[in-house]
Amino acid sequence: MRSVSCLVGAFSLLITVSLHAAPEDVLVAGYAREEGWQWYNPDAEDAESEPAPAPTVQEPLAGMTPSEQKKRLQQATREALDTAILYPSVEHFRRFMTLQNFWTDRATDFTRTAKLARLKYPELDYNVKRSHYNGTVEARQQEEQKIQRAVISQVAQRYGLFFFYRGNNAVDTLMAGVIRAFCEERGISLMAVSVDGKISDQLPRSRVDSGQAEQMRVTHFPATFLVDPKTHQWQPLAWGFMSHDDLDRQMVSVLTHFAPTY
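If you're matching positions, the sequence shown starts at -12 in this note's numbering and goes up one per residue.
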(Lines of atoms letter the chains of each structure in order from A and count residues from 1; the text may use other names and numbers.)
(Lines give C-alpha, C1' and ligand atoms only; values in the text may rest on other atoms or scores of the structure.)
Protein backbone atom coordinates (compact mmCIF):
# COMPACT_ATOMS: atom_id res chain seq x y z
CA MET A 1 0.00 0.00 0.00
CA ARG A 2 2.90 2.34 0.78
CA SER A 3 4.31 1.86 -2.72
CA VAL A 4 0.97 2.64 -4.39
CA SER A 5 0.46 5.68 -2.16
CA CYS A 6 3.90 6.98 -3.09
CA LEU A 7 3.18 6.41 -6.75
CA VAL A 8 -0.12 8.24 -6.52
CA GLY A 9 1.45 11.07 -4.53
CA ALA A 10 4.33 11.49 -6.97
CA PHE A 11 2.10 11.42 -10.01
CA SER A 12 -0.56 13.69 -8.56
CA LEU A 13 2.07 16.42 -8.50
CA LEU A 14 2.26 16.20 -12.27
CA ILE A 15 -1.43 16.66 -13.01
CA THR A 16 -1.41 20.20 -11.61
CA VAL A 17 0.29 21.41 -14.79
CA SER A 18 0.53 20.16 -18.33
CA LEU A 19 3.94 18.80 -19.31
CA HIS A 20 3.04 19.52 -22.92
CA ALA A 21 2.55 23.25 -22.36
CA ALA A 22 3.53 25.70 -25.06
CA PRO A 23 6.58 27.96 -24.49
CA GLU A 24 4.44 30.98 -23.64
CA ASP A 25 2.65 28.91 -20.98
CA VAL A 26 5.87 27.59 -19.48
CA LEU A 27 8.19 30.59 -19.39
CA VAL A 28 7.55 32.65 -16.27
CA ALA A 29 7.10 36.41 -16.46
CA GLY A 30 10.36 38.33 -16.44
CA TYR A 31 12.42 35.21 -17.31
CA ALA A 32 15.75 36.52 -18.60
CA ARG A 33 16.45 35.53 -22.18
CA GLU A 34 17.86 37.02 -25.32
CA GLU A 35 15.20 38.27 -27.67
CA GLY A 36 15.92 37.44 -31.29
CA TRP A 37 14.05 37.01 -34.47
CA GLN A 38 13.55 33.30 -33.72
CA TRP A 39 11.65 34.26 -30.56
CA TYR A 40 9.51 36.83 -32.25
CA ASN A 41 5.82 36.28 -31.63
CA PRO A 42 3.47 39.03 -32.81
CA ASP A 43 0.65 37.55 -30.76
CA ALA A 44 2.64 37.41 -27.52
CA GLU A 45 0.50 39.96 -25.71
CA ASP A 46 -2.70 38.18 -26.67
CA ALA A 47 -1.24 34.84 -25.61
CA GLU A 48 -0.28 36.16 -22.18
CA SER A 49 -3.79 37.42 -21.58
CA GLU A 50 -5.35 34.08 -22.40
CA PRO A 51 -5.99 31.68 -19.53
CA ALA A 52 -3.71 28.66 -19.25
CA PRO A 53 -5.18 25.48 -20.72
CA ALA A 54 -6.82 23.18 -18.22
CA PRO A 55 -4.69 20.21 -17.18
CA THR A 56 -5.51 16.97 -18.93
CA VAL A 57 -7.36 14.32 -16.94
CA GLN A 58 -4.93 11.61 -15.86
CA GLU A 59 -5.91 8.02 -15.35
CA PRO A 60 -5.66 7.17 -11.63
CA LEU A 61 -2.48 5.22 -10.85
CA ALA A 62 -4.30 3.12 -8.28
CA GLY A 63 -6.36 1.53 -11.05
CA MET A 64 -3.28 0.43 -13.01
CA THR A 65 -1.13 -2.64 -12.76
CA PRO A 66 2.39 -2.15 -11.35
CA SER A 67 3.82 -2.41 -14.88
CA GLU A 68 1.41 0.23 -16.14
CA GLN A 69 2.22 2.48 -13.18
CA LYS A 70 5.95 2.14 -13.83
CA LYS A 71 5.55 2.89 -17.52
CA ARG A 72 3.39 5.95 -16.84
CA LEU A 73 5.77 7.34 -14.22
CA GLN A 74 8.81 6.71 -16.42
CA GLN A 75 7.13 8.64 -19.20
CA ALA A 76 6.24 11.45 -16.81
CA THR A 77 9.84 11.59 -15.55
CA ARG A 78 11.23 11.81 -19.08
CA GLU A 79 8.77 14.55 -19.97
CA ALA A 80 9.58 16.46 -16.79
CA LEU A 81 13.30 16.27 -17.60
CA ASP A 82 12.76 17.34 -21.20
CA THR A 83 10.61 20.25 -20.07
CA ALA A 84 13.21 21.35 -17.51
CA ILE A 85 15.93 21.25 -20.17
CA LEU A 86 14.02 22.96 -22.97
CA TYR A 87 12.23 25.50 -20.76
CA PRO A 88 14.43 26.01 -17.69
CA SER A 89 12.68 27.30 -14.62
CA VAL A 90 12.79 26.64 -10.89
CA GLU A 91 9.38 25.00 -10.91
CA HIS A 92 10.16 22.76 -13.86
CA PHE A 93 13.37 21.58 -12.20
CA ARG A 94 11.48 21.02 -8.93
CA ARG A 95 8.96 18.79 -10.72
CA PHE A 96 11.72 16.74 -12.33
CA MET A 97 13.70 16.33 -9.11
CA THR A 98 10.57 15.29 -7.23
CA LEU A 99 10.14 12.40 -9.64
CA GLN A 100 13.86 11.67 -9.73
CA ASN A 101 13.95 11.45 -5.93
CA PHE A 102 10.93 9.14 -6.08
CA TRP A 103 12.92 6.65 -8.20
CA THR A 104 15.92 6.97 -5.88
CA ASP A 105 13.73 6.19 -2.88
CA ARG A 106 12.23 3.18 -4.68
CA ALA A 107 15.70 1.85 -5.51
CA THR A 108 16.78 2.24 -1.89
CA ASP A 109 13.68 0.43 -0.66
CA PHE A 110 14.21 -2.34 -3.21
CA THR A 111 17.79 -2.91 -2.04
CA ARG A 112 16.73 -2.95 1.61
CA THR A 113 13.91 -5.40 0.87
CA ALA A 114 16.28 -7.68 -1.05
CA LYS A 115 18.59 -7.93 1.97
CA LEU A 116 15.66 -8.75 4.23
CA ALA A 117 14.38 -11.38 1.76
CA ARG A 118 17.76 -13.13 1.58
CA LEU A 119 17.81 -13.41 5.37
CA LYS A 120 14.32 -14.85 5.45
CA TYR A 121 14.85 -17.09 2.40
CA PRO A 122 18.54 -18.09 2.36
CA GLU A 123 18.06 -20.15 -0.81
CA LEU A 124 17.92 -16.81 -2.66
CA ASP A 125 21.40 -15.83 -1.47
CA TYR A 126 24.04 -16.66 -4.09
CA ASN A 127 26.76 -16.44 -1.44
CA VAL A 128 25.28 -19.51 0.29
CA LYS A 129 25.57 -21.60 -2.89
CA ARG A 130 28.93 -20.28 -4.03
CA SER A 131 30.75 -17.84 -1.78
CA HIS A 132 32.14 -14.78 -3.51
CA TYR A 133 34.66 -13.98 -0.77
CA ASN A 134 38.34 -14.30 -1.64
CA GLY A 135 39.02 -16.13 1.62
CA THR A 136 36.90 -19.08 0.46
CA VAL A 137 38.56 -19.55 -2.94
CA GLU A 138 41.12 -22.10 -1.75
CA ALA A 139 38.50 -24.15 0.12
CA ARG A 140 36.21 -24.11 -2.91
CA GLN A 141 39.03 -25.22 -5.21
CA GLN A 142 39.90 -28.07 -2.87
CA GLU A 143 36.28 -29.21 -2.93
CA GLU A 144 36.21 -29.07 -6.74
CA GLN A 145 39.46 -31.04 -6.96
CA LYS A 146 38.02 -33.65 -4.60
CA ILE A 147 35.06 -34.10 -6.92
CA GLN A 148 37.35 -34.28 -9.94
CA ARG A 149 39.50 -36.98 -8.35
CA ALA A 150 36.39 -39.07 -7.63
CA VAL A 151 35.22 -38.71 -11.23
CA ILE A 152 38.66 -39.54 -12.64
CA SER A 153 38.79 -42.64 -10.42
CA GLN A 154 35.42 -43.73 -11.85
CA VAL A 155 36.67 -43.12 -15.39
CA ALA A 156 39.82 -45.18 -14.80
CA GLN A 157 37.77 -48.12 -13.53
CA ARG A 158 35.05 -48.14 -16.16
CA TYR A 159 36.07 -46.12 -19.20
CA GLY A 160 38.94 -45.62 -21.58
CA LEU A 161 39.94 -42.91 -24.05
CA PHE A 162 40.12 -42.95 -27.83
CA PHE A 163 42.41 -40.28 -29.27
CA PHE A 164 42.30 -39.45 -32.97
CA TYR A 165 45.10 -37.29 -34.32
CA ARG A 166 47.06 -36.29 -37.40
CA GLY A 167 50.72 -37.17 -37.03
CA ASN A 168 51.79 -34.45 -39.44
CA ASN A 169 49.97 -31.71 -37.54
CA ALA A 170 51.92 -29.72 -34.90
CA VAL A 171 48.93 -29.03 -32.63
CA ASP A 172 47.80 -32.66 -32.79
CA THR A 173 51.34 -33.74 -31.86
CA LEU A 174 51.31 -31.44 -28.82
CA MET A 175 47.96 -32.84 -27.74
CA ALA A 176 49.34 -36.37 -28.18
CA GLY A 177 51.93 -35.62 -25.49
CA VAL A 178 49.26 -34.17 -23.18
CA ILE A 179 46.98 -37.20 -23.61
CA ARG A 180 49.82 -39.66 -23.00
CA ALA A 181 50.91 -37.98 -19.75
CA PHE A 182 47.28 -37.47 -18.67
CA CYS A 183 46.37 -41.15 -19.04
CA GLU A 184 49.61 -42.37 -17.43
CA GLU A 185 49.15 -40.15 -14.37
CA ARG A 186 45.50 -41.13 -13.89
CA GLY A 187 45.68 -44.79 -14.84
CA ILE A 188 43.30 -44.49 -17.79
CA SER A 189 43.48 -46.88 -20.74
CA LEU A 190 44.26 -45.14 -24.04
CA MET A 191 43.75 -46.16 -27.65
CA ALA A 192 45.44 -43.69 -30.05
CA VAL A 193 44.56 -43.63 -33.74
CA SER A 194 46.49 -41.81 -36.46
CA VAL A 195 44.16 -40.70 -39.24
CA ASP A 196 46.90 -39.73 -41.70
CA GLY A 197 49.19 -42.75 -41.22
CA LYS A 198 51.92 -40.76 -39.43
CA ILE A 199 52.62 -42.20 -35.95
CA SER A 200 53.48 -39.64 -33.29
CA ASP A 201 56.67 -40.14 -31.27
CA GLN A 202 54.56 -39.39 -28.19
CA LEU A 203 52.26 -42.32 -28.95
CA PRO A 204 54.40 -45.04 -30.54
CA ARG A 205 51.71 -47.69 -29.99
CA SER A 206 49.17 -45.82 -32.06
CA ARG A 207 47.11 -47.61 -34.67
CA VAL A 208 46.51 -46.38 -38.18
CA ASP A 209 42.88 -45.53 -38.82
CA SER A 210 41.02 -48.32 -40.59
CA GLY A 211 37.54 -46.84 -40.51
CA GLN A 212 37.14 -46.09 -36.79
CA ALA A 213 37.10 -42.31 -37.33
CA GLU A 214 34.30 -42.56 -39.90
CA GLN A 215 32.33 -45.01 -37.77
CA MET A 216 32.55 -42.69 -34.74
CA ARG A 217 31.80 -39.64 -36.93
CA VAL A 218 35.04 -37.86 -36.10
CA THR A 219 35.14 -34.71 -38.21
CA HIS A 220 37.62 -32.48 -36.36
CA PHE A 221 41.07 -33.18 -34.97
CA PRO A 222 42.57 -33.80 -32.53
CA ALA A 223 39.56 -35.55 -31.00
CA THR A 224 39.27 -37.26 -27.62
CA PHE A 225 36.45 -39.71 -26.92
CA LEU A 226 35.29 -41.35 -23.72
CA VAL A 227 34.61 -45.04 -24.44
CA ASP A 228 32.89 -47.78 -22.42
CA PRO A 229 34.54 -51.04 -23.56
CA LYS A 230 31.75 -53.18 -22.09
CA THR A 231 28.86 -51.52 -23.87
CA HIS A 232 30.89 -50.28 -26.87
CA GLN A 233 29.34 -46.83 -26.41
CA TRP A 234 31.30 -43.64 -26.81
CA GLN A 235 30.93 -39.96 -25.96
CA PRO A 236 32.94 -37.02 -27.34
CA LEU A 237 35.07 -35.63 -24.53
CA ALA A 238 37.07 -32.88 -26.19
CA TRP A 239 37.74 -31.37 -29.59
CA GLY A 240 41.05 -29.69 -30.24
CA PHE A 241 43.86 -29.00 -27.80
CA MET A 242 43.13 -29.11 -24.07
CA SER A 243 45.33 -28.96 -20.97
CA HIS A 244 45.44 -31.51 -18.10
CA ASP A 245 43.33 -29.37 -15.77
CA ASP A 246 40.78 -28.64 -18.47
CA LEU A 247 40.52 -32.34 -19.27
CA ASP A 248 39.80 -33.05 -15.60
CA ARG A 249 37.05 -30.43 -15.52
CA GLN A 250 35.69 -31.59 -18.86
CA MET A 251 35.33 -35.17 -17.61
CA VAL A 252 33.38 -33.96 -14.60
CA SER A 253 31.14 -31.85 -16.85
CA VAL A 254 30.48 -34.67 -19.33
CA LEU A 255 29.73 -37.32 -16.71
CA THR A 256 27.45 -34.95 -14.77
CA HIS A 257 25.77 -33.70 -17.99
CA PHE A 258 27.27 -30.25 -17.42
CA ALA A 259 25.44 -29.71 -14.14
CA PRO A 260 26.06 -26.10 -13.01
CA THR A 261 28.48 -25.48 -10.16
CA TYR A 262 27.34 -21.90 -9.54
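Beta carbons are placed, not taken as given, at the ideal position from N, Cα and C, and that holds for glycine.
A quick note: this is a predicted structure, and the numbers were derived from the prediction, not measured.
Start and end residues, beta strand (DSSP E) containing residue i
i    : result
Q220 : Q220 to W226
Y152 : G147 to Y152
L213 : A210 to D215
Inter-residue CB distance, residue i and residue j (contact presumed, cutoff 8 angstroms)
i    : j    : result
F151 : A200 : 5 angstroms
V239 : I134 : 6 angstroms
P216 : G147 : 6 angstroms
L234 : Q222 : 14 angstroms between Cβ atoms; not a contact.
S118 : R105 : No, S118 and R105 are not in contact; Cβ-Cβ is about 14 angstroms, not under 8 angstroms.
R82  : A101 : 30 angstroms between Cβ atoms; not a contact.
T160 : Q189 : 7 angstroms
CB of residue i within 8 angstroms of CB of residue j, strictly
i    : j    : result
S181 : V195 : yes
G174 : A143 : yes
I186 : S193 : yes
V158 : L242 : no
H79  : T70  : yes
L48  : Q56  : yes
M162 : F97  : no
F169 : H231 : yes
Residue range of the unbroken alpha helix (DSSP H) whose run includes residue i
i    : result
D232 : H231 to L242
A63  : P53 to L73
N114 : Y113 to K116
F83  : V77 to K107
M203 : It is not in any alpha helix (DSSP H) - M203 carries neither H nor E in the DSSP assignment.
E171 : A157 to R173
Residue(s) in a DSSP beta bridge with residue i
i    : result
R194 : V180
Checklist entry - Three or more beta-carbon pairs under 8 angstroms between the region 204 to 222 and the region 136 to 153, yes or no? => result yes
Next on the checklist: Assess contact between the region 109 to 116 and the region 84 to 99, defined as three or more Cβ pairs (one per stretch) separated by less than 8 angstroms. Is contact present?
Outcome noted: no
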